[in-house]
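Q:
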Ligand code: PEP
Ligand code: MN
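Here it is in structure tokens:
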């Protein structure tokens with residue numbers, strides 16, 4: 024895996040070294056007064072805690088005949104509101120015409136919506152329309168949990184020369200019923216950070232939660248992961264919003280949420296903090312041990328594979344598998360581990376085991 028992304032740190036392109044970097048504003052621009060009043064209330068209540076204004080002008084809606092945004096006419100309303108607040112402003116763009124209109128109206132930052140990031144054609148067209156333009160672009164994760172697709176979008180913008188890039192984690196769509204509108208699946212942005220530590224990551228608890236009650240906890244989780252900032256939807260009259268009413272908060276509530284967040288230092292090295300160093304050393308020893316044991320387990324699996332081959336037995340034995348899971352769940356319970364975790368762990372180990380046995384069977 025090569026880390027081929029040339030990206031400037033958030034603080035270099037924003038000119039601010041604040042943590043967290045917060046973007047707030049309504050889901051959509053609905054009218055000149057609605058956006059002006061919302062933005063002025065945001066700076067009144069959350070002055071110094073919000074660094075950029077957001078609002079949608081063109082809204083990608085799941086079903087037709089929903090409010091699809093006021094369109095280009097709303098760009099000057101949005102820009103003026105942000106100017107009155109003394110803040111830069113960002114807007115979602117989904118095609119080159121949106122880009123042109125946003126640039127004409129001196130929008131400071133562009134973002135790519137989740138429904139656009141999934142389409143390499145759309146992303147490439149937008150990137151091509153920005154060739155030679157020096158503007159920051161924030162890329163929301165694709166609606167499906169595909170890290171490569173997300174990184175691919177970063178690469179497309181990078182390849183036309185843009186270096187002021189970042190991502191927004193807004194969760195992933197799922198057919199399963201859940202309290203979240205979009206599943207957080209934190210392991211995906213965590214893996215993005217592991218592979219590309221230079222990419223700024225903001226978290227959007229509004230679209231993740233889909234409900235205003237969930238915003239504080241999700242924002243706190245984002246901070247606990249050590250990510251760089253937040254994008255939160257705020258509306259002067261949330262219940263009357265024309266889009267995403269359930270997940271928007273008043274500017275006053277936004278200020279309370281930001282005030283209550285516990286923000287700790289990301290990426291502390293354990294040098295100089297002896298107890299942290301000792302605990303990490305113990306974790307490393309346990310991890311080594313677990314990996315050694317797994318290697319040994321796979322060796323035994325291969326021996327079983329030879330026996331199965333000699334006796335014409337199928338690799339997957341459903342009764343045995345059911346027994347393994349049952350034992351592990353019972354054992355996990357005594358160690359305080361959730362069923363969900365034990366099941367996932369067993370499935371991963373089992374898959375690897377089947378792969379090893381398959382290799383033996385093929386011989
Ligand atoms: C939005 O930010 O209003 C939006 C449409 O978000 P997403 O692309 O994450 O669905
Ligand atoms: Mn929205």
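In my numbering, the protein residues as written are 24 to 386.
Each residue gets a CB set at the ideal place from its N, CA and C atoms; glycine is no exception.
1. Just how far apart, CA to CA, sit residue 100 and residue 273?
2. Would you kindly report the start and end of the unbroken alpha helix (DSSP H) that includes residue 127?
3. Given residue 108, which residues of its chain have a CB within under 8 Å of its CB, disregarding the five upstream and five downstream residues?
4. Looking at C-beta atoms only, is the number of pairs between the region 367-383 and the region 320-327 that lie closer than 8 Å three or more?
5. Would you mind reading off the limits of the beta strand (DSSP E) that contains residue 218?
6. Check each candidate in 118, 168, 280, 135 and name the one with the smallest Cα separation from residue 177.
7. Examine the ligand PEP and report whether any of its heavy atoms sits within less than 7 Å of the Cβ of residue 169.
8. Out of 40, 32, 294, 380, point me to the one whose CA is closest to residue 71's CA.
9. Can you look up residue 180 in the DSSP assignment and give me helix, strand or coil?
10. Thinking C-beta only, is residue 151 closer than 8 Å to residue 183?
11. Any heavy atom of the ligand PEP closer than 7 Å to the beta-carbon of residue 91?
12. Residue 239: buried (16+ other C-beta within 10 angstroms of its C-beta) or exposed?
13. Can you tell me which of the three DSSP states residue 369 falls into?
14. Nearest CA to the CA of residue 231: which residue from 225, 241, 222?
15. Taking a contact to mean a Cβ-Cβ separation below 8 Å, would you say residue 201 touches residue 47 in this structure?
16. Given the structure, does residue 115 come close to the ligand PEP, in the sense that its CB is under 7 Å from one of the ligand's heavy atoms?
17. Could you check if residue 262 is buried or exposed, using at least 16 other CB atoms within 10 Å of its CB as the buried criterion?
18. Below 7 Å, is the gap between the Cβ of residue 86 and the nearest heavy atom of the ligand PEP?
19. What does a CB cutoff of less than 7 Å around residue 344 pick up in its chain, not counting 5 residues either side in sequence?
20. What's the gap between the Cα of residue 43 and the Cα of residue 245?
21. Check this for me: beta carbons of residue 147 and residue 179, under 8 Å apart or not?
22. Quick one: give me the first and last residue of the beta strand (DSSP E) that residue 47 is part of.
23. Roughly how many angstroms separate the alpha carbons of residue 212 and residue 350, rounded to a whole number?
A: The answer reads as follows:
1. When rounded, the distance between both Cα atoms is 20 Å.
2. If you look at residue 127, you'll find it in the alpha helix (DSSP H) that goes 119-127.
3. Cβ neighbours of residue 108 beyond the five flanking positions: 62, 63, 65, 66, 76.
4. Touching, yes, given that three or more Cβ pairs across the two stretches are closer than 8 Å.
5. Looking at the DSSP string, residue 218 is not in any beta strand (DSSP E); the run it does join, the alpha helix (DSSP H), is 210-218.
6. Between residue 177 and the set 118, 168, 280, 135, the nearest pair of CA atoms involves 135.
7. Residue 169: no, Cβ never under 7 Å from the ligand PEP.
8. The option with the nearest alpha carbon to residue 71 is 40.
9. If DSSP states are grouped into helix, strand and coil, residue 180 belongs with the helices.
10. Less than 8 Å divides the Cβ of residue 183 from the Cβ of residue 151.
11. No; taking the cut-off as 7 Å, the Cβ of residue 91 has no heavy atom of the ligand PEP nearer than that.
12. When all chains shown are included, residue 239 counts as buried.
13. Residue 369: helix per DSSP, three-state reduction.
14. Of the candidates 225, 241, 222, the one whose C-alpha sits nearest the C-alpha of residue 231 is 241.
15. In this structure, residue 47 does not lie closer than 8 Å to residue 201 by Cβ.
16. Yes, the ligand PEP has a heavy atom inside 7 Å of this Cβ.
17. By the 10 Å Cβ count, residue 262 comes out exposed.
18. No, the Cβ of residue 86 stays beyond 7 Å of every heavy atom of the ligand PEP.
19. Closer than 7 Å at the Cβ level, and outside the excluded window around residue 344, lie 373.
20. Taking the straight line joining both Cα atoms gives about 10 Å.
21. Residue 179 sits close to residue 147, with the two beta carbons spaced by under 8 Å.
22. Start and end: 44-48.
23. A straight-line Cα-Cα distance of about 33 Å links residue 212 and residue 350.
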